[in-house]
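Participant: Handing you this structure, nothing more for now.
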Amino acid sequence: MPLIRIYHPSPRTFTDAKERKALSDAIVDMYTAYGLPPFFVIVLFIPIPDDYLFIGGRNDERACANPNEPAMIRIVFDHIARTIESPEAGMKFFEGVDEIFKPHILDKGHELEYHLVESPREFCKMNGMYLPPNDSEAEAVWVRENRTSPYEGMENPTPSIKPMNIRTS
Numbered sequence: 001m002p003l004i005r006i007y008h009p010s011p012r013t014f015t016d017a018k019e020r021k022a023l024s025d026a027i028v029d030m031y032t033a034y035g036l037p038p039f040f041v042i043v044l045f046i047p048i049p050d051d052y053l054f055i056g057g058r059n060d061e062r063a064c065a066n067p068n069e070p071a072m073i074r075i076v077f078d079h080i081a082r083t084i085e086s087p088e089a090g091m092k093f094f095e096g097v098d099e100i101f102k103p104h105i106l107d108k109g110h111e112l113e114y115h116l117v118e119s120p121r122e123f124c125k126m127n128g129m130y131l132p133p134n135d136s137e138a139e140a141v142w143v144r145e146n147r148t149s150p151y152e153g154m155e156n157p158t159p160s161i162k163p164m165n166i167r168t169s
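Residues 1 to 169 (the UniProt record's numbering) make up the sequence shown, in order.
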């Protein structure tokens with residue numbers, strides 16, 4: 001269940017709803033290609049007022065509203081339920097992320113920094129239920145219906161055992 005938080009200077013980045021939707025759609029498409037249901041993917045655009053952004057303790061060029069300077073955009077990926085199984089799969093994941101961010105951020109002249117945090121599946125609940133076991137019928141129902149639904153065993157966590165299906169070849 002990826003949670004992607006996009007922190008950006010509010011007055012000059014991602015001000016258009018269509019622009020935000022296009023980036024969000026590209027991110028969701030990447031994760032659904034890995035086999036996750038769309039409703040697992042949450043993208044938050046978090047606008048940061050200019051005077052709330054400090055880079056290296058300074059509130060200057062990259063943080064200010066000067067449209068002639070590149071804006072700093074900071075993105076955090078939080079993965080729950082599926083992990084990245086190897087350094088090679090991680091590199092492939094980041095290649096895909098770079099392809100997504102290029103037209104939406106880098107080609108517009110903005111600066112970008114991002115990282116990934118992985119959280120154990122057993123420490124997550126949706127609508128009061130633990131996530132269904134990987135590759136279970138209950139998980140298949142969630143994927144098919146694109147939402148949660150009660151299942152047998154929902155009161156107990158299942159361990160993280162299956163990585164995301166990121167093809168490295």
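Think of the CB as a built atom: it goes at the ideal place given N, C-alpha and C, for glycine as much as any other residue.
Val117: buried (16+ other C-beta within 10 angstroms of its C-beta) or exposed?
Facilitator: Locating residue 117 in the sequence shown gives position 117, counting from the first residue. Val117 is exposed by the Cβ-count criterion.
Participant: May I have the straight-line CA-CA distance separating Val76 from Gly96, to the nearest angstrom?
Facilitator: Numbered from its first residue, the sequence shown carries residue 76 at position 76. Numbered from its first residue, the sequence shown carries residue 96 at position 96. Straight-line Cα distance between these residues: approximately 15 Å.
Participant: In the structure shown, what three-state DSSP assignment does Ser24 receive?
Facilitator: The residue given as residue 24 occupies position 24 in the sequence shown. Three-state result, Ser24: helix.
Participant: Going by DSSP, which residues form a beta bridge with Leu53?
Facilitator: Locating residue 53 in the sequence shown gives position 53, counting from the first residue. According to DSSP, Leu53 bridges with nothing at all.
Participant: So, Phe93 versus Ile4, is the Cβ gap smaller than 8 Å?
Facilitator: Sequence index remark: in the sequence shown, residue 93 carries index 93 (1-based). Sequence index remark: in the sequence shown, residue 4 carries index 4 (1-based). No, these two residues do not count as a Cβ contact at 8 Å.
Participant: Pick out whichever of Tyr7, Glu145, Pro150 and Thr13 has its Cα sitting closest to the Cα of Asn68.
Facilitator: Numbered from its first residue, the sequence shown carries residue 68 at position 68. Measuring from the Cα of Asn68, the nearest candidate turns out to be Thr13.
Participant: Would Glu122 pass as a contact of Ile73 if the rule is Cβ separation under 8 Å?
Facilitator: For the purposes of this step, residue 122 is taken as residue 122 along the sequence shown, with counting starting at 1. For the purposes of this step, residue 73 is taken as residue 73 along the sequence shown, with counting starting at 1. Result no, Cβ atoms of Glu122 and Ile73 do not sit closer than 8 Å.
Participant: Residues in the same chain with beta-carbon distance under 6 Å from Gly30, minus the five sequence neighbours each way, listed in chain order, please.
Facilitator: Walking along the sequence shown from the start, residue 30 turns up at place 30. Checking the sequence shown, residue 30 turns out to be Met, not Gly. Closer than 6 Å at Cβ, skipping near neighbours: Gly96.
Participant: Does the beta-carbon distance from Asp78 to Pro157 come in below 8 Å?
Facilitator: Start at 1 with the first residue of the sequence shown, and residue 78 comes out as number 78. Start at 1 with the first residue of the sequence shown, and residue 157 comes out as number 157. No, Cβ-Cβ distance for Asp78 and Pro157 is not below 8 Å.
Participant: Quick check on Met129: does DSSP put it in helix, strand or coil?
Facilitator: Counting from 1 along the sequence shown, the entry for residue 129 is found at position 129. In this structure, Met129 counts as strand in the three-state DSSP scheme.
Participant: Which value, in whole angstroms, describes the spacing of the CA atoms of Ser10 and Pro49?
Facilitator: Taking the sequence shown and counting its residues from 1, one reaches residue 10 at position 10. Taking the sequence shown and counting its residues from 1, one reaches residue 49 at position 49. Whole-angstrom Cα-Cα distance: 5 Å.
Participant: Pull up the distance between the alpha-carbon of Ile6 and that of Asp16, whole angstroms please.
Facilitator: Walking along the sequence shown from the start, residue 6 turns up at place 6. Walking along the sequence shown from the start, residue 16 turns up at place 16. Whole-angstrom Cα-Cα distance: 14 Å.
Participant: What does the Cβ neighbour count give for Ala33, buried or exposed, with the cut at 16 atoms within 10 Å?
Facilitator: If you number the sequence shown from 1, residue 33 lands on position 33. So Ala33 ends up on the exposed side.
Participant: Between the alpha carbons of residue 229 and Met126, how many angstroms are there, rounded?
Facilitator: There is simply no residue 229 to check, as the chain begins at 1 and stops at 169 in what is shown.
Participant: Taking C-beta to C-beta, are Pro70 and Gly109 nearer than 8 Å?
Facilitator: By 1-based counting over the sequence shown, the position of residue 70 is 70. By 1-based counting over the sequence shown, the position of residue 109 is 109. Yes.
Participant: Under 8 Å Cβ to Cβ from Glu19, same chain only, skipping five residues before and after it: list those, please.
Facilitator: Mapped onto the sequence shown, residue 19 falls at position 19. Here the set comprises His104.
Participant: Would DSSP call residue 178 helix, strand or coil?
Facilitator: The structure shown does not extend to residue 178, since the chain is modelled only from 1 to 169, so the question has no answer here.
Participant: Using the DSSP secondary-structure output, state which residues sit across from Ser119 in a beta bridge.
Facilitator: Sequence index remark: in the sequence shown, residue 119 carries index 119 (1-based). According to DSSP, which records beta bridges pairwise, Ser119 is partnered with Ile80.
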